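To keep things clear, I will list the structure first and then write my remarks on it.
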Amino acid sequence: MSSVFDFNGAPGSGWSQPEPIREDAGKNIPDSMRRNALPRWPRASEPELVRHYTLLSQRNFGIDTGFYPLGSCTMKHNPRINERIVQMPGIDRIHPLQPDSQIQGLLAIYYEMQDMLSICAGMDSVTLQPVAGAQGEFTAIRCIQEYHNSNGESNRNKVIVPDSAHGTNPASAAMCGYEIVEIPSGPDGRIDLQALRAAVDGETAAMMITNPSTLGVFEPEIAEAARIVHEAGGQMYYDGANFNAILGKTDPGRMGFDAVHYNLHKTFSQPHGGGGPGSGPIGVKSHLANYLPSPIAARRKRTEEDPRGVGDGFWYFWEDPESSIGKVQQWNGNAGAVVRAWAFYRRYGRDLERMSEHAVLNANYLRHRIMRNHGDSAMPPMPKDGAPSEVVKHEFTLDMTPVKDATGVTAKDVAKRLLDYGYMAPTLYFPQIVPECL
33 MSSVFDFNGA PGSGWSQPEP IREDAGKNIP DSMRRNALPR WPRASEPELV RHYTLLSQRN
93 FGIDTGFYPL GSCTMKHNPR INERIVQMPG IDRIHPLQPD SQIQGLLAIY YEMQDMLSIC
153 AGMDSVTLQP VAGAQGEFTA IRCIQEYHNS NGESNRNKVI VPDSAHGTNP ASAAMCGYEI
213 VEIPSGPDGR IDLQALRAAV DGETAAMMIT NPSTLGVFEP EIAEAARIVH EAGGQMYYDG
273 ANFNAILGKT DPGRMGFDAV HYNLHKTFSQ PHGGGGPGSG PIGVKSHLAN YLPSPIAARR
333 KRTEEDPRGV GDGFWYFWED PESSIGKVQQ WNGNAGAVVR AWAFYRRYGR DLERMSEHAV
393 LNANYLRHRI MRNHGDSAMP PMPKDGAPSE VVKHEFTLDM TPVKDATGVT AKDVAKRLLD
453 YGYMAPTLYF PQIVPECL
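Here the sequence shown is numbered in the working numbering, starting from 33 and rising by one per residue.
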């Protein structure tokens, strides 16, 4: 496609220049800096320019133009009604420093969102302050760190991560000053419990894990893994990137996790990846609640002395946890993301588990289509586990090594070719334990 510089209209077309205010305006420009010829400016009329950039925009790929299979995230439609809601005067014209009496509606939304996230993850308390998944990880690990310090166990300086972990997990723990202990996965891509038993000791602070894993497989022995870590005095941290796969079916609290981060820009419809901003709230069990960042939304029964509230009989206010780690973000997080997620949650409620059902069904449908079409081939792209009967969750990984060995075609080549056909390419070369991962 032509660039804007390929337009070759008449000299001066596409732009206009005002008359100089003074005839001698350029006299102070040295000769060495004066042009001998006009620059190569685009010579396009306004209609040509409009058509050019409109055609360019039609070549873009976005969530409104096609399926967006970004690994581990399960992207979804961003309801436009959410945009109408966040643009209401009572939302988008609020200043963070306004007194509680003037933002009772927003405080009620924050409180409800904290409560809903607590319920769906089996946690006791939630903060909505972190504005990204990785920041949520960092915040949760800091809370765990302060918990150990307050118990006189500052010697706990190790965080365990599986080799299939998201890269932000060890990075977040390292930013808190922890030593990273990586344990290998078993042949089926799941946690190797023997390796975990060998890794835990009196210096273990926490284990960070995603369930389902980045391979798309559920950890059936997660409760045993939690027991091993807890018996050693460590805490269990749940990376919520793959929460789509289990929402409404089970929760991290039942699995034995002590802390979890959510991605409102993945699981709860906030626009993701350039359409953000993001939001990475964290939830914790009661023994970690006092360490959450401040403030969090709280409520009490409204009294006659209180100004008029939102009409539900409660007075909402900001509250600082007793032993808070402090703030991790200015103000109170990304309020727009919180409101969008709240609207999404209120719209679907208990039906949110259907979202998980569809995510799992779609992943298994596509996986089995690939297995059926290539299962008899001499060079089949195989899932990491290699078992056609395996039930994955919201995603699956293909090892394209047989194809590469036979033809020289890499996973990257396949992804590029998918783009040629108008399909968004899936995540490449991650997790790194799969050599030619697609």
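Glycine residues also receive a C-beta, built at the ideal position from the N, C-alpha and C atoms. Note that this is a predicted model, so its numbers are computed, not measured.
Check, Outcome
"Buried or exposed (CB count within 10 angstroms, at least 16 for buried), LEU138", "buried"
"Enclosing beta strand (DSSP E) for TRP350 [first to last residue]", "346-351"
"Assigned secondary structure, PRO219 (DSSP; H/G/I helix, E/B strand, else coil)", "coil"
"Proximity of SER301 and TYR323 at Cβ, strictly below 8 angstroms", "no"
"Residue from LYS436, GLY315, GLY122 and ALA255 with nearest C-alpha to ASP150", "In the sequence as displayed, the identity of residue 150 is Ser instead of Asp. SER150 has its Cα closest to that of GLY315, out of LYS436, GLY315, GLY122 and ALA255."
"Inter-residue spacing [alpha-carbon to alpha-carbon] between TYR453 and SER89", "17 angstroms"
"In DSSP terms, what ARG75 is bridged to", "ASN40"
"Per-residue DSSP class, three states only, for ASP417", "Confidence is the limiting factor: at ASP417 the pLDDT is only 49, short of 50, which leaves the residue's position unreliable, though a coordinate-based value still follows. It is coil, neither helix nor strand."
"Buried or exposed by the 16-neighbour rule on C-beta atoms within 10 Å, applied to LEU393", "exposed"
"Start-to-end residues for the beta strand (DSSP E) that takes in HIS293", "291-293"
"Helix, strand or coil at ILE465 according to DSSP, with G and I counted as helix", "coil"
"Whole-Å CB distance - SER326 paired with ASP156, under 8 angstroms assumed", "Their Cβ separation, rounded to whole angstroms, is 17 angstroms, which puts SER326 and ASP156 out of contact at 8 angstroms."
"Sequence-distant residues of its chain with Cβ nearer than 8 angstroms to ALA166 (five each side left out)", "THR200, ALA203, SER204 and GLY312"
"Delimiting residues of the alpha helix (DSSP H) encompassing ILE471", "Here the chain comprises residues numbered 33 to 470, so residue 471 is not present and cannot be evaluated."
"Where SER157 falls: helix, strand or coil (DSSP)", "strand"
"Residue interval of the alpha helix (DSSP H) (run including ASP452)", "443-452"
"Proximity below 8 angstroms, CB of VAL36 to CB of HIS84", "yes"
"Between the CA atoms of ARG222 and VAL371 - distance to the nearest angstrom", "36 angstroms"
"Which of helix, strand or coil DSSP assigns to LEU324", "coil"
"According to DSSP, residues forming a beta bridge with VAL191", "ILE212 and ALA238"
"Per-residue burial, ARG345 [other beta carbons within 10 Å of its own, 16 or more giving buried]", "Going by the sequence as given, residue 345 is Gly instead of Arg. Classification for GLY345: exposed."
"Buried or exposed by the 16-neighbour rule on C-beta atoms within 10 Å, applied to TRP363", "exposed"
"Contact between the region 179-199 and the region 265-285 (3+ Cβ pairs under 8 angstroms)", "yes"
"Sequence-distant residues of its chain with Cβ nearer than 6 angstroms to PRO244 (five each side left out)", "PHE250, ASN274, ALA277 and LYS425"
"VAL423, DSSP secondary structure in three states", "coil"
"Which residues DSSP lists as bridging ILE314, in chain order", "THR159 and HIS293"
"Exposure label - ILE113; buried when at least 16 CB within 10 Å", "exposed"
"Residue span of the beta strand (DSSP E) that contains TYR269, given as start and end", "267-271"
"Exposed unless 16 or more other CB atoms sit within 10 angstroms - verdict on LYS190", "buried"
"Counterpart residues of TRP363 in DSSP-defined beta bridges", "GLY365"
"Between the CA atoms of GLY248 and ALA391 - distance to the nearest angstrom", "11 angstroms"
"Classification of GLY122 by the beta-carbon crowding that lies within 10 angstroms, buried from 16 upward", "exposed"
"Sub-8 angstroms separation of ASP195 and ILE465 beta-carbons", "yes"
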